[in-house]
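*Asks:* For the sequence shown, this note's numbering begins at 1 and goes up steadily by one.
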Amino acid sequence: MAMVGLFWIAEGDVYVGAKPSGLAPGVRLTPEGVVALGDGQSGLHLWEDVHALTVVDVPVKSLGRRVGVVKDMALGTVMDLALPQGLGRSVAAPPMMTLRVESSGADGELVAYAAAAAGYPQAEVDLSRALLNRLTQGAATMATTLAAMSEWGRTWEGGSPRGTEREELLRGWVGP
């Protein structure tokens, strides 16, 4: 499984944001449509009805965000060492992103956790938004794009690729 832009690709499955676990909210992109997962959201938006996909509330990587993540990790370590077992700090949830789905059926807002703790690079955010737009440009475009992403996920071994590789993958999936 790997993160490429705003997408989490686990074997052949493609998610917007982090792959959800348990009752956590998430969004999966399937050949049939956009699937809402987790507690508090459900449903399937069929591709034939989807006109636009827009992701908002994306945490963008910045120096301030990176410093905040390091500070939180350091504070957590100190708290874990200083406090007796069971009195530890509460673990902060990762930031949430919202995927707005515009469709002929019913518009909706789906939420998913961000997979990048320190935020996403701006170039990957822009390319991911372009890729979401591409998925709404017709059945053939969606099918070939989503199939390419899924195939990459099935054949990729290892963790997330480096930044330049992620950008290259996104550019390839976005197309000309």
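For every residue, glycine included, the Cβ atom is placed at its ideal position computed from N, Cα and C.
#1: According to DSSP, what are the bridge partners of T164?
#2: Who are the near neighbours of M97 in its chain, counting only those whose CB is closer than 8 Å to its CB and skipping five residues on each side?
#3: Pull the bridge partners of G33 from the DSSP assignment, please.
#4: Would you tell me roughly how many angstroms separate the C-alpha atoms of P151 and Y120, rounded to the nearest one?
#5: Give the straight-line distance between the Cα atoms of S100 and V14, rounded to the nearest whole angstrom.
#6: For the alpha helix (DSSP H) that D126 lies in, which residues bound it at each end?
#7: Leaving out the 5 sequence neighbours to the left and right, which residues in its chain are closer than 8 Å to W156 when beta-carbon positions are compared?
#8: Per DSSP, E151 forms a beta bridge with which residues?
#9: By a C-beta neighbour count over all protein chains shown, 10 Å radius and 16 as the cutoff for buried, is L127 buried or exposed?
#10: Could you tell me whether the stretch 128-135 touches the stretch 35-55, where touching means 3 or more Cβ pairs closer than 8 Å?
#11: Give the secondary structure of L53 by DSSP, where H, G and I count as helix, E and B as strand, and everything else as coil.
#12: If you count every other CB in all the chains shown that lies within 10 Å of the CB of A36, and 16 or more means buried, which is it?
#13: Opposite R171 in the DSSP bridges: which residues?
#14: Can you grab the Cα-Cα spacing for the pair V4 / T145, in whole Å?
#15: Is it buried or exposed for A92, if we count other Cβ within 10 angstroms and need 16 for buried?
#16: Let me make sure I understand the geometry here. Which of A139, A24 and G159 has the alpha-carbon closest to that of G33?
#17: Suppose you measure from the CA of K61 to the CA of Q122; what does that come to, to the nearest Å?
*Replies:* Well, looking at it:
#1: In DSSP, T164 forms no bridge with anything.
#2: L6, V16, G17, V55, V56, D57, V58, P59, V111, A112, Y113 and A114
#3: L46
#4: The displayed chain sequence assigns Glu, not Pro, to residue 151. Their Cα atoms are separated by approximately 23 Å.
#5: A quick correction: the sequence has Arg, not Ser, at residue 100. Whole-angstrom Cα-Cα distance: 17 Å.
#6: Q122 to L135
#7: A2 and I9
#8: Paired residues: none, contrary to the question.
#9: buried
#10: yes
#11: strand
#12: buried
#13: Paired residues: none, contrary to the question.
#14: 14 Å
#15: exposed
#16: A139
#17: 7 Å
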